[in-house]
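According to the working numbering, the sequence shown is numbered sequentially starting from 399.
What follows is a short report on a single structure.
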Amino acid sequence: MDGFRLLMEFHIEDERQGPGGSAETKRAIKSAGLNKSEPLRIADIGCGTGSSTLVLAQELNAEIIAVDLFPEFLEVLESRAQKAGLSNITTNSASMDDLTFEPEALDVIWSEGAIYNIGFKNGISLWKRFLKPGGVLAVTEITWLTDDRPKEINDYWSSEYPEIATSAQKIKVLEQEGFKLLDYFPLPTRCWTENYYKPLQDRFASFLGKQGRSDKALQLIEMEKKEIELYEKFKDYYSYGFYIASKM
Ligand code: SAH
């Protein structure tokens, strides 16, 4: 099994596939000035099993296109939407760097914990054409919380994701790409621990059992353990930042 597929199987049983929270999604909706008063067309890119998609569908009067590379995630999303009685979501299995929306077709582009797959700057520059002028972009992206930090954590994240930067640097990228910042806030610790790492840790043993303790599965769990350990040790230095901006 290739690494990407194994990762999908590891994450499919979770409510979310990255750090985040419903309260934070709602806060970002508010920051974006979005409400039920007007019909909206929204793409949720890298939606996974729909943690943010379901909140958007509940909170807004929107037609939502939920996009993810893995049809398996989208199937889970569809059944969660059905259970919640939400009929305003359609799914699209596609790569986020190969989207086929019409130019200026969307009021909102939402993407939590996913743009890193193609890079923050690259993603924004590829996606902005699909937004109407004045349309909203709301993305989360891993962000340094301080200008300086211990070498151990600096080296780890700089090698995992070289584009990691401070919010000031990320906001500058947004501005260079033609966006006006509406709000920025870092995700609180609970979004990483209670909402994301804890449910994952609870499934380490059953996942390893299911995978017959294969070398690749053992390796994956070791990597996750290391990431969690580093988070516990260095959580004051980084988080995901929520960036909410409008297209000029
Ligand atoms: N937004 C969800 C999932 C975040 S995890 C949440 O917050 O819970 C990142 C997601 O991006 C995964 O669902 C993964 O399948 C998806 N993904 C990774 N590479 C992708 C690509 N090239 N195109 C579309 N989706 C991709």
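Glycine included, C-beta positions come from ideal geometry on N, C-alpha and C.
Here the structure is a predicted model, which means the values were calculated and not measured.
- The alpha carbon of L432 has as its nearest neighbour, out of V506, C445, T591 and S557, the alpha carbon of V506.
- The beta carbon of A479 sits closer than 6 angstroms to the beta carbons of I487 from its chain, once the five residues preceding and following it are set aside; these are given in chain order.
- Here DSSP, grouped into helix, strand and coil, assigns K428 to helix.
- The beta carbon of L598 sits closer than 7 angstroms to those of D412 and E622, all from its chain and outside the five residues before and after it, given in chain order.
- Every beta strand (DSSP E) of 3 residues or more that sits fully in the region 417 to 489 is shown, in chain order, as 438 to 443 and 460 to 466.
- Its chain contains K424 and I427 as the residues whose beta carbon lies nearer than 7 angstroms to that of E457, once the 5 sequence neighbours on both sides are disregarded; these appear in chain order.
- Annotation for K526: no beta strand (DSSP E) segment contains it, and DSSP assigns it neither H nor E.
- DSSP places L618 outside any beta strand (DSSP E); the residue lies instead in the alpha helix (DSSP H), whose first and last residues are D613 to F632.
- Between G446 and F408, the gap from beta carbon to beta carbon reaches 8 angstroms or more.
- Between Y641 and V537, the C-beta spacing is below 8 angstroms.
- Around the CB of Q415, 16 or more other CB atoms lie within 10 Å, so the residue is classed as buried.
- Closest in C-alpha terms to C589, from the list L504, E510 and I462, comes E510.
- When the Cα atoms are used, N520 and K570 turn out to be separated by approximately 14 angstroms.
- Looking at the DSSP output, K608 bridges to nothing.
- As DSSP reads the structure, D496 sits in no beta bridge.
- Beyond the five residues adjoining it in sequence on each side, L579 comes within less than 8 angstroms, by CB distance, of I569, L572, E573, Y641, I642 and A643 in the same chain, given in chain order.
- Per the C-alpha coordinates, the member of R547, T451 and E476 positioned closest to W508 is T451.
- Contact between M646 and G533 is ruled out by a C-beta separation of about 10 angstroms, above the 8 angstroms threshold.
- Remark: the C-beta of D466 is in contact range of the ligand SAH, defined as less than 7 angstroms to any heavy atom.
- A566: member of the alpha helix (DSSP H) spanning S565 to Q574, first to last residue.
- Of I410, G444, W542 and G419, the smallest CA-CA separation from K633 is found for W542.
- Residue environment for K434: exposed (fewer than 16 other C-beta atoms within 10 angstroms of its C-beta).
- Classified as buried, F468 has 16 or more neighbouring CB atoms from the shown chains inside 10 Å of its CB.
- Partner residues in the beta bridge of E539, as assigned by DSSP, are G639.
- When the five nearest sequence neighbours on each side are left out, the beta carbons in the same chain lying within less than 7 angstroms of the beta carbon of T544 are those of Y635, in order along the chain.
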